[in-house]
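Undergrad: Using the numbering used here, the letters of the sequence shown correspond one by one to residues 36 to 394.
Just so it is clear, CB atoms sit at the ideal spot from N, CA and C, and this is done for glycine as well.
Quick caveat, the model's predicted, so the values are computed rather than measured.
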Amino acid sequence: MLRRTLLTLLAGTAGAASLDSQVLGAVENLRRRMDDTMVTATVSPAMLDQWEQSTNGFGRQYMNTPPLRLLCDVMLEFSAVRKALERRQPIDVQERLCRMAAQLAGLSGMIMIDLGDQRLARSFFRTGRTAADETGDRALRAWVTAREALVPLYYGDPREALTLAKKSRDLAGHTPCAARTMAPVVEARALAMLAGNNGARHEVVEQAKRALHRARAAFQQMSANDQEDAAFGYTERQLYFYQGDVLVKLGQTLEADVILEQALGKYSNEDLLDQTLIRFDRARCRLIEGDVEAALQMGQEALDMVDKEYRTELILKPAYELAKDIHAKYGDTPRLEAFREALQPGPLAVPPKLGEDIA
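1) Got a sec? Which residues, its chain only, sit under 7 Å from Y275 by beta carbon, not counting five neighbours each side?
2) Expressed to the nearest angstrom, what Euclidean distance is found between the alpha-carbon atoms of Y114 and A136?
3) Using beta-carbon positions only, say whether R204 and A184 come within less than 8 Å of one another.
4) Take every Cβ of the stretch 254-266, pair it with every Cβ of the stretch 234-243, and state whether three or more of those distances are shorter than 8 Å.
5) Spatial neighbours of L188 within its chain, please: CB distance less than 8 Å, with the 5 preceding and 5 following residues excluded, ordered by chain position.
6) Is the beta carbon of G334 less than 8 Å from the beta carbon of L357?
7) Apply the 10 Å Cβ neighbour rule to I20 and answer buried if 16 or more other Cβ atoms are within range, or exposed otherwise.
8) Locate the alpha helix (DSSP H) running through P80, then write down its first and last residues.
9) Thinking L132 and Q124 are a contact (beta carbons under 8 Å), I'd like their distance in whole angstroms, please.
10) Looking only at its chain, what residues have a beta carbon closer than 8 Å to the beta carbon of T77, apart from the 5 residues adjacent to it on each side?
11) Between the C-alpha atoms of E376 and R249, what's the straight-line distance to the nearest angstrom?
12) Would you mind working out which of R236, L150, E290, E169 sits nearest L349, comparing C-alpha positions?
13) State the Cα-Cα distance for the pair V341 and E290, rounded to the nearest angstrom.
14) In the DSSP assignment, find the alpha helix (DSSP H) that holds L247 and state where it starts and stops.
15) Indicate whether D316 and D280 have their beta-carbon atoms separated by less than 8 Å.
16) From R154, I148, L351, E344, pick the residue whose C-alpha is nearest to that of T100; which is it?
17) Quick one, which of G286, R272, L285 has its alpha-carbon nearest I313's?
18) Could you pull the start and end residues of the alpha helix (DSSP H) that H362 belongs to?
19) Let me know the alpha helix (DSSP H) ranges lying completely inside the stretch 155-212, each 4 residues or longer, listed in chain order.
20) Expressed to the nearest angstrom, what Euclidean distance is found between the alpha-carbon atoms of L247 and Q278?
21) Rounded to whole angstroms, what is the Cα-Cα separation between K130 and A200?
22) Which same chain residues, not among the five before or five after R38, have their C-beta less than 7 Å away from its C-beta?
23) Taking only the alpha-carbon atoms, compute the straight-line gap between G171 and S56 and give it to the nearest angstrom.
24) Go ahead and pull the three-state DSSP assignment for L285.
25) May I have the straight-line CA-CA distance separating A265 from T210, to the nearest angstrom?
26) Rounded to whole angstroms, what's the CA-CA distance from Q153 to M147? Just pull it up for me.
27) Exposed or buried, which one is C107 when buried takes at least 16 other CB atoms within 10 Å?
28) Is L105 helix, strand or coil by DSSP?
29) Using the C-alpha atoms, what's the distance from Q96 back to L307?
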């Protein structure tokens, strides 16, 4: 009816096109349909609340659940959120769904880092950035970017990690959030990795320490909830751990060992992933100091505490590197051979050959 009226007007016979009941009826019908579209959602508030609770729960489980099992749970929720986003939703519902999509995608990327799949990790973080952009939340966008920076950090490109960390810091701005703490920590870790091969080592070391100082200051401004969330926030124990990790990479073993020991004391029985990596950092301290036997003993103790279903690429990477460095400097020893035999990977980790650069 409206098309016919428009064609009549375009033909220049306006007198033949009158505002009759049929035209008014067509106009009113379109208005009602728009109302229905705007106010009708396919997701109830209760369902949204449930999905948000599940997403937060996955964050709490991240450090303590076998990664493949957690990935399956996250993907099921991710699929449900995706289906809801296929339909037009009210703006407030759409924003909540996009926030969950960004968090679930980011968490999936974190799991993929653990499992050693860099390609899928990057893909998930890219999806997370797209979803976060839809929310307009700078803190969320900064969180996804800071988490993405861990891909090159763990897999051999500290310069790219440094670039992403700075981008995350810029996105966060002055907003008190997890990324304001996380980004300078990643920056410090990347700088520490670069310090060994940089002629201006002293300057790089000072930059790393300044980044850690910024992280500690930002942590004090975070909300109490964010300070207790190891996945979507940043905890004090994580701050201690990564400060110690930076000092290990800088070769400052005495100070590093003290801080790492303090970090372990803050973990109690939770967050197995971090605790294992801390123990390997302490073993690295012993190796730097030349105590090979102590390094192997601490490495073995770290391995013994990890069941095979938790032995992912990320968990075993420092163990392989420890064995490789001992072999390169001291050659084969009976204790090293026993340690290498104990490096039985889980079902999702493939051990590299000795001497192979797994970074």
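TA: Checking against the coordinates, here is how it stands:
1) Cβ neighbours of Y275 beyond the five flanking positions: I294, Q297, A298, K301.
2) Just to set this straight, residue 114 is Ser in the shown sequence, not Tyr. Between the alpha carbons of S114 and A136 lies a distance of about 9 Å.
3) No, the Cβ-Cβ distance between R204 and A184 is not below 8 Å.
4) Touching, no.
5) Here L188 has A196, V221, R224, A225, M228 as same chain residues with Cβ atoms under 8 Å from its own Cβ, once five neighbours each way along the sequence are excluded.
6) Taking 8 Å as the Cβ cut-off, G334 and L357 qualify as a contacting pair.
7) The question about residue 20 has no answer, for the chain in this structure spans 36 to 394.
8) Looking at the DSSP string, the run of the alpha helix (DSSP H) that includes P80 is 80-96.
9) By a beta-carbon distance limit of 8 Å, L132 contacts Q124. Their separation comes to about 7 Å.
10) Within the same chain, and ignoring the five residues on either side of T77 in sequence, the residues whose Cβ sits closer than 8 Å to its Cβ are A119, R122, Q124.
11) Inter-residue distance for E376 and R249 is about 42 Å (C-alpha atoms, whole angstroms).
12) Residue L150 is the option with its Cα nearest to L349.
13) In this structure, the CA atom of V341 is about 27 Å from the CA atom of E290.
14) 236-256 is the extent of the alpha helix (DSSP H) around L247.
15) Going by C-beta atoms, D316 is nearer than 8 Å to D280.
16) Restricting attention to R154, I148, L351, E344, the CA atom closest to the CA of T100 is found in E344.
17) Nearest of G286, R272, L285 to I313, Cα basis: R272.
18) Looking at the DSSP string, the run of the alpha helix (DSSP H) that includes H362 is 348-365.
19) The DSSP assignment places complete alpha helix (DSSP H) segments of no fewer than 4 residues inside the stretch 155-212 at 173-183, 185-189, 193-207, in order along the chain.
20) So the alpha carbons of these two residues sit roughly 7 Å apart.
21) The sequence as given places Glu at residue 130; Lys does not occur at that position. E130 and A200: Cα-Cα distance of roughly 25 Å.
22) Closer than 7 Å at Cβ, skipping near neighbours: no residue.
23) If you draw a straight line from the Cα of G171 to the Cα of S56, it comes to about 44 Å.
24) The answer is coil: DSSP assigns L285 none of H, G, I, E or B.
25) The C-alpha of T210 is placed about 19 Å away from the C-alpha of A265.
26) A straight-line Cα-Cα distance of about 7 Å links Q153 and M147.
27) Result: exposed.
28) Looking at L105 - three-state DSSP - the assignment turns out to be helix.
29) Approximately 11 Å, taken between the alpha carbons.
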